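In my numbering, the protein residues as written are 46 to 296.
Spelled out as C-alpha cells, the structure:
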C-alpha cells in the first residue's frame, strides 16, 4: 500500500539501508562508549559532561594527520552510541562530519546520517494507515530528528511535530482519548501523525509532494499555491512555495 512516489520523494530524507547488526558490538571499541539510558564517553570529563548536558559535540574528531582515520572511526563509534542512547540529532551531526571525510555512500556513515530509530513502530503505523514507511520515517527525521520530546517555537510537539489543536481534532475523529502530553509519547504521536498524513494524501489525491508541503505549512497556503498556473508540475509547484522552510523541507 501507500503512495507510490513516497520512496522517491524522500530519497534525501531516509535511506533503505538494512540495520547494521554489528553496530552494537562496535560501540565501545574506539570511543569507549557505553549506553545505559544515556551515553557515557570515556574520553574526557569535559566531553562526558557536555554530552550529559546536551551540549554540542562539534569538537569531536578534530584530529589531523595520522590520527584522521582513527578520529573518523571515533566519530562513528560515538554517533552509534548516541543513536543507541536516543540522541539522534547529535548523532546525525557527527555522521555528516564523518561523511565529509569518507563518503555519504559509506554504508556505516549512511546508517548514522539516515537512522531509523523505532523502526517497528513506524512500520506498524504506516501499515495501519496504508502509508509508505519510508515516507513516514523521512517525515519524522525532517520534523524532529527522531526526538520524541521535540518542541518547536510554534508549539508543535513530538516525533511528527503535531500542533495541539490538530492532534486533538484528529483524536476526536478517531474516537481516542487524548491529552496534550500524549503528543510527547512516541507511539501515540506516530499514530495521530500518520493519520494526519494519510488524510492529507487522500485530500490531495495521493500527491506526495503536495501532501508533505501541507503537512509542514498547512492546507490553506498549499491550496492557494495550487490555484496558480502550472501547479500540476511538481517541480514548478515546489519552486512557487512561498515559505523557505517548507520549500527546503519538500525538496
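Cβ coordinates follow ideal geometry from the N, Cα and C atoms, glycine included.
From a predicted model like this one, the values you see are computed outputs, not experimental measurements.
To the nearest angstrom, how far is it from the Cα of residue i to the Cα of residue j?
i: residue 275; j: residue 128; result: 42 Å
i: residue 279; j: residue 254; result: 7 Å
i: residue 143; j: residue 152; result: 12 Å
i: residue 188; j: residue 271; result: 23 Å
i: residue 200; j: residue 252; result: 27 Å
i: residue 202; j: residue 134; result: 16 Å
i: residue 132; j: residue 231; result: 14 Å
i: residue 233; j: residue 213; result: 12 Å
i: residue 136; j: residue 284; result: 31 Å
i: residue 124; j: residue 273; result: 44 Å
i: residue 195; j: residue 250; result: 30 Å
i: residue 60; j: residue 219; result: In this predicted model, residue 60 has a pLDDT of only 37, less than 50, meaning its place in the structure is not dependable enough to derive any value.
i: residue 281; j: residue 246; result: 19 Å
i: residue 236; j: residue 190; result: 17 Å
i: residue 168; j: residue 262; result: 25 Å
i: residue 289; j: residue 265; result: 16 Å
i: residue 193; j: residue 228; result: 8 Å
i: residue 216; j: residue 174; result: 14 Å
i: residue 223; j: residue 248; result: 24 Å
i: residue 286; j: residue 241; result: 21 Å
i: residue 148; j: residue 291; result: 28 Å
Pull up the DSSP beta-bridge partners for residue i, would you.
i: residue 207; result: 202
i: residue 196; result: 202
Buried or exposed for residue i, please, with buried defined as at least 16 other CB atoms from any protein chain shown within 10 angstroms of its CB.
i: residue 197; result: exposed
i: residue 295; result: buried
i: residue 210; result: exposed
i: residue 257; result: buried
i: residue 268; result: exposed
i: residue 150; result: exposed
i: residue 156; result: buried
i: residue 162; result: buried
i: residue 170; result: buried
i: residue 138; result: buried
i: residue 221; result: exposed
i: residue 293; result: exposed
i: residue 67; result: Caution is warranted here: a pLDDT of 44 is assigned to residue 67, below 50, making its placement in the model unreliable, and no coordinate value can be reported.
Can you check which of these residues, the options, is closest to residue i by C-alpha distance?
i: residue 178; options: 165, 210, 228 and 190; result: 165
i: residue 185; options: 160, 174, 175 and 199; result: 160
i: residue 119; options: 246, 140 and 199; result: 140
i: residue 226; options: 219, 241 and 207; result: 207
i: residue 116; options: 204, 135, 134 and 145; result: 145
i: residue 260; options: 124, 181 and 221; result: 181
i: residue 172; options: 243, 228, 154 and 193; result: 243
i: residue 204; options: 121, 216 and 239; result: 239
How about residue i: is its C-beta nearer than 8 Å to some C-beta of chain D?
i: residue 260; result: Absent here is chain D; the protein component of the structure consists of one chain.
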